[in-house]
Amino acid sequence: MSGRKLGGGRILGSGKSLAPPAPPAHHRSSSLTSAPESSLSLSSRDTTTSALAAGPLSDPGQDLSSQVSLENGGASTVTAASSRLVCPICNEEMMTLLQLNRHLDDNHQELPAVEQDEVKNWFNKQVIKAKKFQPLAVINQKLKGLDVFESNEGPSVSLLHPTPLPGNRVSSPERRPDPDEVVTRAHWQKSGYNDLCTEPSCGKRLGSVNGSVNCRKCGRLFCEDHTMYQMKLSRSAQHEPVRGFWCRVCETCYKSRDGYNDHNGYIRDHTNDFLAMRRKTVDRQYLEISRLEKRLTKLTHLLAHPPEEVLGNNGGILSLAGQKNQRKLLEQSVVPWEEDTKVLKCPFCQQEFGSWSFRRHHCRLCGRVVCADPRTGCSSEVGLNVAAKKTGDLAIDIRMCRDCKTTVFSKKDFAAEALHKPPDQRAYENLLQFERGIRLLLPNFQRLLLALQDPDKPPSQIQLAEASKVRKRLIDSFGKYDIAAKRIRNLPTNSPTQKKLQTAIYQQSANFLNSHMLPLKTLPKILKHASPHGSNGVPGNGRSALANIKYNDIDTSSQVSSGSAVSAMEAEEKELREKLIVLEEQKFFVGEMIADANKRRKFEEVASLSANQADLEREINSLQGMISQLDFAGAYAREQAALNGSTSSLSLGR
């Protein structure tokens with residue numbers, strides 16, 4: 001069969017596209033029962049050729065079955081062919097065209113299944129053989145750029161499709177300019193016999209294998225791999241991104257062009273356009289705010305300082321109804337009120353007004369009729385304090401609707417809210433101030449401490465006094481810093497995230513104290529080791545300079561005892577904290593074991609592990625209590641008092 005394959009019972013094609021058979025030149029007599037091999041055909045070759053040349057059918061209702069004839073006959077043959085069909089391959093008689101289609105699909109397929117498998121296997125073998133040849137990537141690399149880049153062998157002229165013009169004229173083909181013809185070649189490097197690629201990291205020999213390409217911009221010779229770049233060049237081989245021609249260049253010229261290393265792309269500022277569009281709305285809003293503020297100012301002034309005519313007519317003695325009428329007249333003089341009968345529902349909550357149950361109220365700034373339902377907040381009385389000249393502030397309540405209240409006070413409320421700081425923010429800013437002060441004092445204290453530790457040059461009395469003064473300031477700052485950190489930790493909150501944040505701030509503060517208080521603990525040790533009992537180089541009076549400053553007369557024993565107490569407390573604190581760290585690690589591991597036992601549903605182990613965890617928690621709480629009872633502040637204060645006493649006695653001894 002031919003390439004066309006009839007599908008599962010569907011009729012492909014239509015009789016509308018076929019022409020009626022022409023009258024035959026000769027008649028062939030054959031019976032309908034014994035049809036020859038060419039019985040099932042649309043027509044014979046001659047008839048088919050004449051039918052296709054004759055044109056479309058005159059009867060559009062004629063179908064494909066009328067075209068299947070047993071022989072080249074006339075109208076009677078067509079009528080007989082419409083009733084009987086014969087398979088063109090096996091000459092089996094069929095009743096309908098649908099039966100013929102199914103017969104062809106079932107008995108006469110295009111290829112047997114075995115032959116189809118053989119064809120597929122042959123194609124698979126060819127693909128496997130092709131993979132054994134040179135890799136396709138290498139071939140593509142050799143042919144890379146032939147379509148993308150302009151040719152180096154000769155001018156490539158690409159002809160556009162001719163466009164028809166009016167009057168059956170065809171436009172002459174346009175010639176696209178070739179970059180090799182337009183861009184200058186005067187600066188090109190001439191090819192030699194032993195040329196190497198100009199790229200420093202390459203060094204390949206140029207030739208037919210690696211290629212020999214001139215960079216269109218710098219003119220130097222490169223191999224094919226290092227000229228895989230394009231940029232637009234002018235006729236003089238300069239970078240021209242607008243009117244230039246795409247040319248093949250090297251990597252250096254490509255990356256050194258203007259704008260390649262720019263970190264910011266082209267920026268188009270739309271701020272002015274946005275401000276111009278926004279200004280229309282903002283100006284309208286500001287105008288509305290200014291208008292309502294003027295009304296509010298006028299109304300408060302009238303209520304706080306009523307006109308003399310109103311006071312004179314009433315004589316200062318008014319009934320409650322009269323006072324309300326006078327105030328109503330003053331309020332209506334600022335803005336006209338909307339009539340009650342025209343408004344049946346509140347414009348905000350859409351509730352219907354009643355006679356007594358749901359009354360109407362007027363906004364004093366815009367005059368609209370609104371309700372006074374406290375649940376919806378459509379209108380409310382805003383209290384204002386008006387500064388009076390004699391009697392102090394005068395309290396006035398003015399009813400405003402929701403829109404007017406938002407328009408007048410929203411900007412002021414936003415500014416006030418932006419300036420307001422929550423307690424945790426204020427406490428954290430206070431903590432940062434103490435930290436900045438400590439960081440400024442620490443370098444000065446470090447310099448003084450280095451001067452005191454110099455073995456060749458004993459410290460002077462001025463240096464020791466200055467170090468003591470700076471140390472005292474640092475101790476005070478560290479104490480305030482610790483208080484501020486604890487205040488942040490103990491702030492009341494219901495949010496777990498806020499609580500976690502406060503705990504993290506306190507932990508960071510504790511780390512800061514532990515890392516920066518070590519130099520403060522070093523100074524008492526330096527003064528202690530400078531005692532007269534352990535000095536080698538002694539001056540004329542038999543004591544070193546530090547011993548003369550620190551240990552003087554009867555205060556020596558008390559100062560040694562205070563320094564020893566501080567050192568003992570520090571050693572004790574270190575030991576307790578090491579134990580605490582070990583216990584906390586054990587508690588963590590026990591907690592992990594409890595979680596693992598719960599996953600494995602071993603509840604007997606969970607009970608014993610929980611008891612161990614409780615014992616660890618009690619021990620940890622005990623150690624924390626012992627650490628908190630260490631009075632470092634008192635020890636440092638006693639030490640500082642002793643140091644100040646020795647300094648004063650030393651000054652008196654002078």
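Heads up: the sequence shown at position 349 corresponds to 349 in the UniProt record's numbering, and the numbers run straight through without jumps. All C-beta atoms, glycine included, are put in the ideal place defined by N, C-alpha and C.
- DSSP, read as helix, strand or coil, puts E224 in coil.
- Rounded to the nearest whole angstrom, the CA to CA distance from Q238 to K217 is 7 Å.
- With contacts defined as CB atoms closer than 9 Å, Q285 and T407 qualify as a contacting pair.
- The C-beta distance from V606 to A597 rounds to 5 Å, short enough to fall under 8 Å.
- Straight-line measurement puts the Cα of I488 at about 6 Å from the Cα of Q502.
- By the neighbour-count criterion, in which a residue is buried when 16 or more other Cβ atoms sit within 10 angstroms of its Cβ, P423 is exposed.
- By the Cβ rule, the stretch 250-257 counts as touching the stretch 212-228, because three or more pairs are nearer than 8 Å.
- Between V382 and R399, the C-beta gap is smaller than 9 Å, which places the two residues in contact.
- If you draw a straight line from the Cα of A415 to the Cα of K480, it comes to about 32 Å.
- In the three-state scheme derived from DSSP, where H, G and I count as helix and E and B as strand, V470 is classed as helix.
- Residue pairing by DSSP puts F245 in a beta bridge opposite L233.
- No Cβ-Cβ contact shorter than 9 Å links T184 with L221.
- Within the same chain, Cβ atoms closer than 8 Å to the Cβ of R473 are found at L441, the five residues on either side in sequence being excluded.
- Setting aside the 5 residues that flank it on each side, K345 is surrounded in the same chain by E352, each with a C-beta closer than 6 Å to its C-beta; the list follows chain order.
- Counting every other CB atom within 10 Å of its CB across the protein chains shown gives I483 a total below 16, marking it as exposed.
- The three-state secondary structure of S290, taken from DSSP, is helix.
- DSSP, reduced to helix, strand and coil, places L384 within a strand of the structure shown.
- Taking each of C90, L449, C366 in turn and checking the Cα distance to E466, the smallest one comes out for L449.
- The DSSP-derived three-state label of C401 is strand.
- By the Cβ neighbour-count rule, H420 is exposed, with fewer than 16 other Cβ atoms within 10 Å of its own.
- At a Cβ-Cβ threshold of 9 Å, C404 and D373 do not count as neighbours.
- Taken through DSSP and simplified to helix, strand or coil, N194 comes out as coil.
- Going by C-alpha positions, C366 is about 13 Å away from S290.
- In this structure, L513 lies away from K579, with their beta-carbon atoms at least 9 Å apart.
- Approximately 5 Å separates the beta-carbon atoms of L576 and I627; this is inside 8 Å, confirming the contact.
- Where K255 is concerned, the enclosing alpha helix (DSSP H) starts and stops at 251-255.
- Look at E92 here: in three-state DSSP terms it is coil, with no helix or strand label.
- Apart from the 5 residues on each side of it in sequence, V470 sits with its Cβ closer than 8 Å to the Cβ of L441, N444, F445, L448 in its chain, given in chain order.
- Within the same chain, and ignoring the five residues on either side of T227 in sequence, the residues whose Cβ sits closer than 6 Å to its Cβ are V213, R248, C250.
- By the criterion of a C-beta distance shorter than 8 Å, M517 is surrounded in its chain by F478, once the five residues flanking it on both sides are discounted.
- When DSSP states are grouped into helix, strand and coil, E352 belongs to the strand group.
- Residue state for K411 is assigned as helix, using DSSP reduced to three classes.
- Bounds of any alpha helix (DSSP H) do not take in P422, whose DSSP letter is neither H nor E.
- Excluding its 5 nearest sequence neighbours in each direction, H187 has C-beta neighbours in its own chain below 6 Å: G219, listed in chain order.
- Following the DSSP letters along the chain, one finds F512 inside the alpha helix (DSSP H) bounded by residues 496-516.
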